[in-house]
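Asks: Quick one: the structure is below, and I'll ask about it shortly.
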Amino acid sequence: MIWAVVPVKDFQTAKQRLRAVLTPNERQALARAMLEDVLAALAQVRELDRLVLVTREPHAVTLARRFGAFILSEPSNRGQTAAVERAFAQARRQGASAVLALPGDVPLIAPTDVEAILRAGERADLVLVPSRDGRGTNAMWLRLPLGLPLRFGEDSFRFHHRAAQERALRTIVLDLPRIALDVDAPEDLGELARRYSAAPELALRSPTAALFEERGWLARFK
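Using my numbering, read the sequence shown as starting at 1292 and increasing by one per residue.
Take a look at the structure:
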(Lines of atoms letter the chains of each structure in order from A and count residues from 1; the text may use other names and numbers.)
(Lines give C-alpha, C1' and ligand atoms only; values in the text may rest on other atoms or scores of the structure.)
Protein backbone atom coordinates (compact mmCIF):
# COMPACT_ATOMS: atom_id res chain seq x y z
CA MET A 1 0.00 0.00 0.00
CA ILE A 2 1.47 3.33 -1.10
CA TRP A 3 0.55 6.60 0.57
CA ALA A 4 0.90 10.09 -0.89
CA VAL A 5 1.30 12.79 1.76
CA VAL A 6 0.83 16.54 1.26
CA PRO A 7 1.50 18.89 4.20
CA VAL A 8 -0.55 22.10 4.03
CA LYS A 9 -0.09 25.11 6.29
CA ASP A 10 -2.80 27.71 6.99
CA PHE A 11 -3.64 29.62 3.83
CA GLN A 12 -3.71 32.91 5.75
CA THR A 13 -0.02 32.60 6.57
CA ALA A 14 1.06 30.91 3.35
CA LYS A 15 3.54 32.34 0.87
CA GLN A 16 4.88 35.17 3.04
CA ARG A 17 7.85 35.62 0.71
CA LEU A 18 5.38 36.87 -1.91
CA ARG A 19 4.16 39.75 0.27
CA ALA A 20 5.96 42.33 -1.86
CA VAL A 21 4.02 41.38 -4.99
CA LEU A 22 0.74 39.78 -3.84
CA THR A 23 -1.95 40.89 -1.39
CA PRO A 24 -3.06 38.54 1.42
CA ASN A 25 -6.18 37.59 -0.55
CA GLU A 26 -4.10 36.90 -3.65
CA ARG A 27 -1.70 34.70 -1.69
CA GLN A 28 -4.57 32.72 -0.23
CA ALA A 29 -6.14 32.26 -3.66
CA LEU A 30 -2.81 31.11 -5.05
CA ALA A 31 -2.27 28.60 -2.24
CA ARG A 32 -5.74 27.12 -2.79
CA ALA A 33 -5.32 26.89 -6.56
CA MET A 34 -1.90 25.25 -6.36
CA LEU A 35 -3.10 22.70 -3.83
CA GLU A 36 -6.03 21.84 -6.09
CA ASP A 37 -3.62 21.22 -8.98
CA VAL A 38 -1.50 18.92 -6.83
CA LEU A 39 -4.49 16.96 -5.52
CA ALA A 40 -5.96 16.60 -9.00
CA ALA A 41 -2.71 15.11 -10.31
CA LEU A 42 -2.34 12.69 -7.40
CA ALA A 43 -5.95 11.57 -7.61
CA GLN A 44 -5.35 10.36 -11.17
CA VAL A 45 -2.53 7.98 -10.22
CA ARG A 46 -4.04 4.53 -9.73
CA GLU A 47 -0.95 3.12 -8.05
CA LEU A 48 -1.50 5.39 -5.05
CA ASP A 49 -3.65 3.68 -2.45
CA ARG A 50 -4.17 6.58 -0.08
CA LEU A 51 -3.93 10.35 -0.37
CA VAL A 52 -3.34 12.12 2.96
CA LEU A 53 -3.31 15.83 3.80
CA VAL A 54 -1.64 16.96 7.01
CA THR A 55 -3.37 20.22 7.82
CA ARG A 56 -5.66 22.24 10.03
CA GLU A 57 -6.71 24.58 7.20
CA PRO A 58 -10.51 24.34 6.67
CA HIS A 59 -10.36 25.18 2.95
CA ALA A 60 -7.73 22.50 2.43
CA VAL A 61 -9.96 19.99 4.21
CA THR A 62 -12.83 20.88 1.86
CA LEU A 63 -10.58 20.39 -1.17
CA ALA A 64 -9.30 17.10 0.20
CA ARG A 65 -12.80 15.70 0.52
CA ARG A 66 -13.48 16.51 -3.13
CA PHE A 67 -10.58 14.27 -4.10
CA GLY A 68 -11.26 11.49 -1.60
CA ALA A 69 -8.25 12.32 0.54
CA PHE A 70 -7.83 11.50 4.21
CA ILE A 71 -7.09 14.24 6.73
CA LEU A 72 -4.42 14.01 9.38
CA SER A 73 -5.23 17.06 11.44
CA GLU A 74 -2.59 18.99 13.34
CA PRO A 75 -3.27 21.31 16.29
CA SER A 76 -0.79 23.93 15.08
CA ASN A 77 1.47 24.72 12.15
CA ARG A 78 4.72 23.08 13.23
CA GLY A 79 6.25 23.16 9.78
CA GLN A 80 6.70 20.82 6.84
CA THR A 81 9.22 18.55 8.53
CA ALA A 82 7.04 17.84 11.56
CA ALA A 83 3.97 17.31 9.37
CA VAL A 84 5.72 14.81 7.10
CA GLU A 85 7.30 12.99 10.06
CA ARG A 86 3.87 12.56 11.59
CA ALA A 87 2.40 11.21 8.36
CA PHE A 88 5.32 8.81 7.82
CA ALA A 89 4.89 7.45 11.35
CA GLN A 90 1.17 6.95 10.75
CA ALA A 91 1.89 5.18 7.47
CA ARG A 92 4.30 2.79 9.21
CA ARG A 93 1.76 2.02 11.93
CA GLN A 94 -0.89 1.23 9.32
CA GLY A 95 1.35 -1.06 7.30
CA ALA A 96 2.06 1.07 4.24
CA SER A 97 4.80 -0.30 2.00
CA ALA A 98 5.97 3.12 0.82
CA VAL A 99 5.15 6.78 1.20
CA LEU A 100 5.50 9.72 -1.18
CA ALA A 101 5.75 13.24 0.25
CA LEU A 102 5.01 16.22 -1.97
CA PRO A 103 4.44 19.92 -1.23
CA GLY A 104 1.18 21.62 -2.13
CA ASP A 105 2.87 24.35 -4.17
CA VAL A 106 4.04 22.52 -7.31
CA PRO A 107 1.13 23.41 -9.62
CA LEU A 108 2.74 22.10 -12.83
CA ILE A 109 2.81 18.53 -11.51
CA ALA A 110 1.36 15.92 -13.85
CA PRO A 111 0.24 12.34 -13.11
CA THR A 112 3.08 11.09 -15.32
CA ASP A 113 5.58 12.76 -12.97
CA VAL A 114 4.19 10.83 -10.03
CA GLU A 115 4.17 7.61 -12.04
CA ALA A 116 7.86 8.17 -12.89
CA ILE A 117 8.66 8.42 -9.18
CA LEU A 118 6.74 5.23 -8.41
CA ARG A 119 8.52 3.35 -11.22
CA ALA A 120 11.88 4.49 -9.86
CA GLY A 121 10.80 3.33 -6.43
CA GLU A 122 10.46 -0.24 -7.70
CA ARG A 123 14.27 -0.46 -7.80
CA ALA A 124 15.18 1.85 -4.93
CA ASP A 125 14.77 2.48 -1.22
CA LEU A 126 14.56 6.23 -1.68
CA VAL A 127 13.65 8.51 -4.58
CA LEU A 128 14.39 12.24 -4.37
CA VAL A 129 13.31 15.05 -6.68
CA PRO A 130 15.29 18.24 -6.07
CA SER A 131 13.92 21.75 -6.43
CA ARG A 132 14.79 23.95 -9.40
CA ASP A 133 17.85 25.38 -7.66
CA GLY A 134 18.99 21.94 -6.53
CA ARG A 135 18.81 22.83 -2.85
CA GLY A 136 15.33 21.80 -1.74
CA THR A 137 13.55 18.44 -1.70
CA ASN A 138 10.37 18.74 -3.77
CA ALA A 139 9.41 15.07 -3.67
CA MET A 140 10.49 12.13 -1.55
CA TRP A 141 9.49 8.49 -1.97
CA LEU A 142 10.61 6.20 0.84
CA ARG A 143 10.27 2.45 1.12
CA LEU A 144 8.86 1.47 4.51
CA PRO A 145 9.63 0.47 7.19
CA LEU A 146 13.01 2.04 6.39
CA GLY A 147 13.76 5.25 8.26
CA LEU A 148 15.40 8.49 7.24
CA PRO A 149 15.89 11.69 9.25
CA LEU A 150 13.89 14.50 7.69
CA ARG A 151 14.72 18.17 7.40
CA PHE A 152 12.80 20.08 4.76
CA GLY A 153 13.70 23.63 3.83
CA GLU A 154 16.93 25.20 2.65
CA ASP A 155 19.60 22.67 1.62
CA SER A 156 17.27 19.78 2.45
CA PHE A 157 18.23 17.87 -0.69
CA ARG A 158 21.88 17.67 0.36
CA PHE A 159 20.85 16.69 3.89
CA HIS A 160 18.51 13.90 2.74
CA HIS A 161 20.94 12.59 0.12
CA ARG A 162 23.80 12.45 2.62
CA ALA A 163 21.62 10.77 5.25
CA ALA A 164 20.64 8.13 2.68
CA GLN A 165 24.30 7.49 1.80
CA GLU A 166 25.19 7.09 5.47
CA ARG A 167 22.46 4.44 5.78
CA ALA A 168 23.41 2.72 2.51
CA LEU A 169 19.95 3.28 1.06
CA ARG A 170 19.57 2.61 -2.65
CA THR A 171 18.79 6.13 -3.83
CA ILE A 172 17.58 7.46 -7.16
CA VAL A 173 17.55 11.18 -7.94
CA LEU A 174 15.06 12.24 -10.61
CA ASP A 175 15.08 15.49 -12.56
CA LEU A 176 11.39 16.33 -13.00
CA PRO A 177 11.10 19.98 -14.10
CA ARG A 178 7.38 20.30 -13.36
CA ILE A 179 7.79 19.13 -9.77
CA ALA A 180 11.04 21.08 -9.43
CA LEU A 181 9.16 24.39 -9.71
CA ASP A 182 7.70 25.19 -6.31
CA VAL A 183 6.32 28.69 -5.87
CA ASP A 184 7.92 30.53 -2.97
CA ALA A 185 9.54 33.70 -4.31
CA PRO A 186 8.56 36.40 -6.85
CA GLU A 187 10.94 34.94 -9.43
CA ASP A 188 9.01 31.66 -9.22
CA LEU A 189 5.86 33.53 -10.25
CA GLY A 190 7.77 34.82 -13.26
CA GLU A 191 8.90 31.35 -14.27
CA LEU A 192 5.38 30.00 -13.82
CA ALA A 193 3.92 32.83 -15.92
CA ARG A 194 6.38 32.08 -18.71
CA ARG A 195 5.50 28.39 -18.72
CA TYR A 196 1.77 29.10 -18.71
CA SER A 197 2.19 31.58 -21.57
CA ALA A 198 3.96 28.87 -23.57
CA ALA A 199 1.08 26.43 -22.95
CA PRO A 200 -2.18 28.44 -22.87
CA GLU A 201 -4.26 25.25 -22.99
CA LEU A 202 -3.33 24.67 -19.33
CA ALA A 203 -5.82 27.37 -18.31
CA LEU A 204 -8.60 25.01 -19.33
CA ARG A 205 -7.68 22.39 -16.74
CA SER A 206 -5.36 24.01 -14.18
CA PRO A 207 -6.85 26.18 -11.41
CA THR A 208 -3.51 27.94 -10.97
CA ALA A 209 -3.18 28.69 -14.68
CA ALA A 210 -6.76 29.95 -14.73
CA LEU A 211 -5.99 32.20 -11.74
CA PHE A 212 -2.97 33.67 -13.54
CA GLU A 213 -5.12 34.43 -16.55
CA GLU A 214 -8.04 35.88 -14.58
CA ARG A 215 -5.84 38.14 -12.42
CA GLY A 216 -3.67 39.36 -15.28
CA TRP A 217 -0.61 37.75 -13.74
CA LEU A 218 0.63 36.32 -17.05
CA ALA A 219 1.54 39.79 -18.29
CA ARG A 220 2.37 41.18 -14.84
CA PHE A 221 4.98 38.60 -13.87
CA LYS A 222 6.30 37.42 -17.22
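Beta carbons are placed, not taken as given, at the ideal position from N, Cα and C, and that holds for glycine.
Determine the DSSP secondary structure at residue 1368, reduced to helix, strand or coil.
Replies: DSSP places residue 1368 in coil when its eight states are reduced to three.
Asks: Quick check on the burial criterion: 16 or more other C-beta atoms within 10 angstroms. Buried or exposed for residue 1364?
Replies: Counting Cβ neighbours within 10 Å, residue 1364 comes out exposed, since fewer than 16 surround it.
Asks: Which residues in the same chain as residue 1406 place their Cβ atom closer than 8 Å to its Cβ, once the five residues preceding and following it in sequence are excluded?
Replies: Within the same chain, residue 1406 has close Cβ partners 1336 and 1338.
Asks: In three-state DSSP terms, what is residue 1325?
Replies: In the structure shown, residue 1325 sits in a helix (DSSP, three-state: H, G or I).
Asks: Tell me the rounded alpha-carbon separation between residue 1503 and residue 1484.
Replies: Between residue 1503 and residue 1484, the C-alpha separation is close to 7 Å.
Asks: In angstroms with no decimal places, state the Cα-to-Cα distance between residue 1304 and residue 1404.
Replies: Distance between the alpha carbons of residue 1304 and residue 1404 is about 28 Å.
Asks: Classify residue 1311: buried if its beta carbon has 16 or more other beta carbons within 10 angstroms, exposed otherwise.
Replies: Classification of residue 1311: exposed, given that the 10 Å Cβ count is below 16.
Asks: Do you know whose CA, among 1482, 1506, 1370 and 1412, lies nearest residue 1434's CA?
Replies: Per the Cα distances, 1412.
Asks: Quick check: what's the CA-CA separation for residue 1398 versus residue 1428?
Replies: C-alpha separation (whole angstroms): 16 Å.
Asks: Considering residue 1462, what are the terminal residues of the beta strand (DSSP E) in which it resides?
Replies: Start and end: 1462 to 1464.
Asks: Using the Cα positions of residue 1460 and residue 1415, report the straight-line distance between them to the nearest angstrom.
Replies: Cα-Cα distance, rounded: 8 Å.
Asks: Can you check whether the CB of residue 1418 is closer than 7 Å to the CB of residue 1392?
Replies: Not closer than 7 Å, so no.
Asks: Where in the region 1347 to 1425 do unbroken runs of the alpha helix (DSSP H), each at least 4 residues long, occur, reported from the N-terminal end onward?
Replies: Counting whole runs of 4 or more residues, the region 1347 to 1425 contains the alpha helix (DSSP H) stretches 1349 to 1357, 1371 to 1384 and 1402 to 1412.
Asks: Which residue comes first and which comes last in the alpha helix (DSSP H) that contains residue 1480?
Replies: Note, residue 1480: alpha helix (DSSP H), 1477 to 1489.
Asks: Closer than 8 Å is the cut-off here; do at least three beta carbon pairs connect the region 1321 to 1328 with the region 1369 to 1385?
Replies: Touching, no.
Asks: Give the DSSP-derived three-state secondary structure of residue 1428 in the structure shown.
Replies: Residue 1428: strand per DSSP, three-state reduction.
Asks: Can you tell me which of the three DSSP states residue 1333 falls into?
Replies: Three-state DSSP puts residue 1333 in a helix.
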